[in-house]
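Asker: Take this structure first; my questions come after.
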Amino acid sequence: MAASDPHGPASGDGPADVPHPAIERERKRRQRGRSIAIALVLGGLVVIFYVITILQMANNAAPVPQ
């Protein structure tokens, strides 16, 4: 194998790139936690926008005193 061979041992191919099962479980657990946090934030924003919209509609529907 030549030193410039892209498929040599230094290319990253092989069993050294396979993550340990415990590390992979930890990574998936953290990713799931982040996904849940993002879902909660997005859900909260939806609720806030919904409430603001309803309040604005109710305010515009109120009779204007003369």
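Numbered per the numbering used here, the sequence shown finishes at 160, counting up by one with no gaps. Ideal placement from N, C-alpha and C gives every residue a C-beta, glycine not left out. Since the model is a prediction, treat every value here as computed from it, not as a measurement.
1) Helix, strand or coil for Val-113 per DSSP?
2) Can you look up Gln-125 in the DSSP assignment and give me helix, strand or coil?
3) From the DSSP output, in three-state form, read off Gln-150 for me.
4) Just how far apart, CA to CA, sit Asp-111 and Val-140?
Answerer: A quick look at the data gives this:
1) Numbered from its first residue, the sequence shown carries residue 113 at position 19. According to the sequence shown, residue 113 is Pro rather than Val. DSSP places Pro-113 in coil when its eight states are reduced to three.
2) To locate residue 125, count along the sequence shown from 1; it is residue 31. Gln-125: helix per DSSP, three-state reduction.
3) As a position in the sequence shown, residue 150 is number 56, starting the count at 1. Reduced to three states, the DSSP call for Gln-150 is helix.
4) The sequence position of residue 111 within the sequence shown is 17, counting from 1. The sequence position of residue 140 within the sequence shown is 46, counting from 1. For Asp-111 and Val-140, the distance between alpha carbons rounds to 41 angstroms.
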